[in-house]
Amino acid sequence: MQRSDPPLDRRGLLIVSLPRNDPDLAQAAIDGGADLLKVHVNVHHRASGTRFAPLHEEQPHLDAILALGTPTGLVPGEERMVSREDIPYLRRFAFLDAYLMYLPPYLYDAGVPVIPAIPHDYALEALPGALRTLPGEWVEASLVPPGGYGQPPAPDDLAALARLGEVSGRRLIVPTQRRITPADLDRYFAVPAVWAIMIGVIVTGADAPGVRDATAAFRRSLDGLFP
Numbered sequence: 004m005q006r007s008d009p010p011l012d013r014r015g016l017l018i019v020s021l022p023r024n025d026p027d028l029a030q031a032a033i034d035g036g037a038d039l040l041k042v043h044v045n046v047h048h049r050a051s052g053t054r055f056a057p058l059h060e061e062q063p064h065l066d067a068i069l070a071l072g073t074p075t076g077l078v079p080g081e082e083r084m085v086s087r088e089d090i091p092y093l094r095r096f097a098f099l100d101a102y103l104m105y106l107p108p109y110l111y112d113a114g115v116p117v118i119p120a121i122p123h124d125y126a127l128e129a130l131p132g133a134l135r136t137l138p139g140e141w142v143e144a145s146l147v148p149p150g151g152y153g154q155p156p157a158p159d160d161l162a163a164l165a166r167l168g169e170v171s172g173r174r175l176i177v178p179t180q181r182r183i184t185p186a187d188l189d190r191y192f193a194v195p196a197v198w199a200i201m202i203g204v205i206v207t208g209a210d211a212p213g214v215r216d217a218t219a220a221f222r223r224s225l226d227g228l229f230p
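Residue 162 in this note's numbering sits at position 159 of the sequence shown; the count goes up by one each step and never skips.
Have a look at this one:
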C-alpha cells in the first residue's frame with residue numbers, strides 16, 4: 004500500500020537501499036511498495052561489495068532514479084565526501100545519510116534532513132555530546148559488526164537498538180545488516196525508538212525481481228503492523 008505522507012513523517016517506513024544506482028532496481032523497489040529509496044556515491048558498500056563512484060560519475064544514474072518521483076536519500080560519501088560545491092544538487096534528495104565520524108557540517112546547508120549513521124564501535128557515552136549540535140530527529144542504527152552481516156538476528160540486537168534510542172533520543176532507521184525477515188518486524192518495532200526499516204542487498208539480492216519481491220513482502224508485513 005502506497006501512502007502520501009511526507010517523507011520521514013511517520014512510523015513504519017520502508018526504505019530500500021539500492022545495491023546499485025540503477026533505475027531498473029529503483030523501479031522494482033517502487034513497484035514493491037517502497038516509501039523511500041537510498042542511493043550512494045563515494046563509498047565501498049560492505050554488504051554488497053559495490054564500489055560507488057564519485058558524484059559526477061553517478062549523476063546520470065541518480066538523475067534517472069530521481070525522475071521516477073519516489074523520495075530518495077543519498078549517502079554522499081565516507082572518507083571521500085561530496086564538496087560544498089555540490090550542495091545545490093544535494094537539495095534534490097529527501098535526506099542525506101552518512102556515518103557520524105565522516106559527516107561534515109556543511110551537509111546541513113543543503114536544507115534537507117541529515118541522518119547520522121551510528122556504527123557498531125561508536126562509544127555510546129559520547130553520542131549525546133556529538134549529536135547535541137546537529138539538528139534532526141533520526142539516526143541510522145548500523146550496530147552490527149561486519150562479522151554479523153547476513154547472519155540471523157542475534158538475541159542482543161534489540162537491546163542494542165533500545166539502548167541507542169535511549170542515548171540518542173532520536174528515531175531509529177534499522178538497516179538489514181542481519182538477514183531480517185518480514186516475520187521479524189513485530190519484534191523490531193516493539194522497540195519504541197524503531198521507526199523505519201531499511202532493506203538492502205542482504206535481503207533483496209542484487210537483481211530487480213529480488214528487489215521487487217523482497218520489498219513487497221516487507222510492505223505487506225508493515226501494512227499489517229501499521230494499517
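Glycine included, every Cβ here is placed at the ideal spot set by N, Cα and C.
Assign Glu61 to one of two classes, buried (16 or more other C-beta atoms within 10 Å of its C-beta) or exposed (fewer than that).
One-based indexing of the sequence shown puts residue 61 at position 58. With 16 or more Cβ atoms within 10 Å of its Cβ, Glu61 is classed as buried.
(message) Going residue by residue through the segment 16-91, where are the continuous beta strand (DSSP E) segments of at least 3 residues, counting only ones entirely within it?
(response) Counting only runs of 3+ residues, the beta strand (DSSP E) found wholly inside the segment 16-91 occupies 16-20, 39-43 and 75-78, in chain order.
ask   = Can you tell me the Cα-Cα spacing of Ala113 and Ala186, whole angstroms?
value = Within the sequence shown, numbered from 1, the residue matching residue 113 stands at position 110. Within the sequence shown, numbered from 1, the residue matching residue 186 stands at position 183. Each residue's Cα considered, the two are about 37 Å apart.
- Segment limits, alpha helix (DSSP H) that includes Val115: Residue 115 sits at position 112 when you count from the first residue of the sequence shown. Counting along the chain, Val115 falls outside any alpha helix (DSSP H), and DSSP gives it neither H nor E.
*Would you mind giving the Cβ-Cβ distance between Leu58 and Asp89, rounded to the nearest angstrom? I have them listed as a contact below 8 Å.*
In the sequence shown, counting from the first residue as 1, residue 58 sits at position 55. In the sequence shown, counting from the first residue as 1, residue 89 sits at position 86. Between Asp89 and Leu58 the Cβ distance is about 6 Å, and since that is below 8 Å, they are a contact.
*What is the rounded straight-line gap between the Cα of Ser145 and the Cα of Ala67?*
In the sequence shown, residue 145 corresponds to position 142, counting from 1. In the sequence shown, residue 67 corresponds to position 64, counting from 1. Taking the Cα positions, Ser145 is about 28 Å away from Ala67.
Nearest by alpha-carbon distance to Leu110: which of His123, Ala219 and Pro91 is it? Position 107 of the sequence shown, counted from the start, is the residue given in the question as residue 110. Leu110 has its Cα closest to that of Pro91, out of His123, Ala219 and Pro91.
Which class does Tyr152 belong to by DSSP, given the choice of helix, strand or coil?
-> Taking the first residue of the sequence shown as 1, we reach residue 152 at position 149. Coil at Tyr152, not helix or strand.
For Leu28 and Ala196, believed in contact at Cβ under 8 Å, the rounded distance
Reading the sequence shown from its first residue, position 193 is the one you call residue 196. Reading the sequence shown from its first residue, position 25 is the one you call residue 28. Not confirmed; about 29 Å, so no contact.
Does the beta-carbon distance from Ala217 to Thr207 come in below 8 Å? Residue numbering aside, residue 217 sits at position 214 when the sequence shown is read from its first letter. Residue numbering aside, residue 207 sits at position 204 when the sequence shown is read from its first letter. The answer is yes: Cβ separation under 8 Å.
- prompt: Helix, strand or coil: how does DSSP classify Glu183 here?
  reply: In the sequence shown, residue 183 corresponds to position 180, counting from 1. According to the sequence provided, residue 183 is Ile. The question's Glu does not apply to it. Three-state DSSP puts Ile183 in coil, outside helix and strand.
Integer Cβ distance of Gly80 from Val44, believed to fall under 8 Å
Within the sequence shown, numbered from 1, the residue matching residue 80 stands at position 77. Within the sequence shown, numbered from 1, the residue matching residue 44 stands at position 41. About 6 Å separates the beta carbons of Gly80 and Val44, which is inside the 8 Å limit, making them a contact pair.
Exercise for review: Would you kindly check if the distance between the Cβ of Met84 and the Cβ of Pro119 is under 8 Å?
Suggested key: The residue labelled residue 119 in the question sits at position 116 within the sequence shown. The residue labelled residue 84 in the question sits at position 81 within the sequence shown. Contact: no.
Would you kindly work out how many angstroms separate the C-alpha atoms of Met4 and Gly36, rounded to a whole number? Taking the first residue of the sequence shown as 1, we reach residue 4 at position 1. Taking the first residue of the sequence shown as 1, we reach residue 36 at position 33. Below a pLDDT of 50, predicted positions are generally treated as unreliable, and Met4, at 34, falls in that range; the measurement from the model is reported next regardless. Each residue's alpha carbon lies about 6 Å from the other.
Checklist entry - For the candidate residues Leu137, Leu188 and Leu71, whose alpha-carbon lies nearest to that of Leu161? => result To locate residue 161, count along the sequence shown from 1; it is residue 158. Comparing C-alpha distances from Leu161 to each of Leu137, Leu188 and Leu71 shows the shortest one belongs to Leu188.
inquiry  = Classify Ser7: buried if its beta carbon has 16 or more other beta carbons within 10 angstroms, exposed otherwise.
reply    = The residue labelled residue 7 in the question sits at position 4 within the sequence shown. Confidence at Ser7 is low in this model, with a pLDDT of 46, below 50, so the placement of that residue is unreliable and no value is reported for it.
- Item | Reduced DSSP secondary structure (H/G/I, E/B, other) of Tyr105 | Translated into positions along the sequence shown, residue 105 becomes position 102. Collapsing the DSSP output to three states places Tyr105 in a helix.
Original post:
In angstroms, rounded to a whole number, what distance separates the CA positions of Asp226 and Ala219?
Top reply: Stepping through the sequence shown from its first residue, residue 226 is reached at position 223. Stepping through the sequence shown from its first residue, residue 219 is reached at position 216. Asp226 and Ala219 have their C-alpha atoms spaced approximately 10 Å apart.
In chain order, what residues of the same chain have a beta carbon less than 6 Å from the beta carbon of Gln180, not counting five sequence neighbours either side? The sequence position of residue 180 within the sequence shown is 177, counting from 1. The residues are Val147 and Tyr152.
How long is the line joining the alpha carbons of Leu164 and His64, rounded to whole angstroms?
Locating residue 164 in the sequence shown gives position 161, where the first residue counts as 1. Locating residue 64 in the sequence shown gives position 61, where the first residue counts as 1. Between Leu164 and His64, the C-alpha separation is close to 34 Å.
#### Entry: Val147 in three-state terms, based on DSSP
Your numbering for residue 147 matches position 144 in the sequence shown. Coil, per DSSP.
Identity of the residues DSSP links to Arg174 by a beta bridge: On the sequence shown, residue 174 is found 171 positions in, with the first residue counted as 1. Bridge partners of Arg174: Trp141.
Please report how far the alpha carbon of Leu17 lies from the alpha carbon of Val204, in whole angstroms.
Sequence index remark: in the sequence shown, residue 17 carries index 14 (1-based). Sequence index remark: in the sequence shown, residue 204 carries index 201 (1-based). The alpha-carbon atoms of Leu17 and Val204 are separated by roughly 14 Å.
| task | Label Asp38 either buried or exposed according to how many other C-beta atoms from any shown protein chain fall within 10 Å of its C-beta, with 16 as the threshold for buried. | result | Here residue 38 corresponds to residue number 35 of the sequence shown, with the count starting at 1. By the beta-carbon neighbour count (other beta carbons within 10 angstroms, threshold 16), Asp38 is buried.
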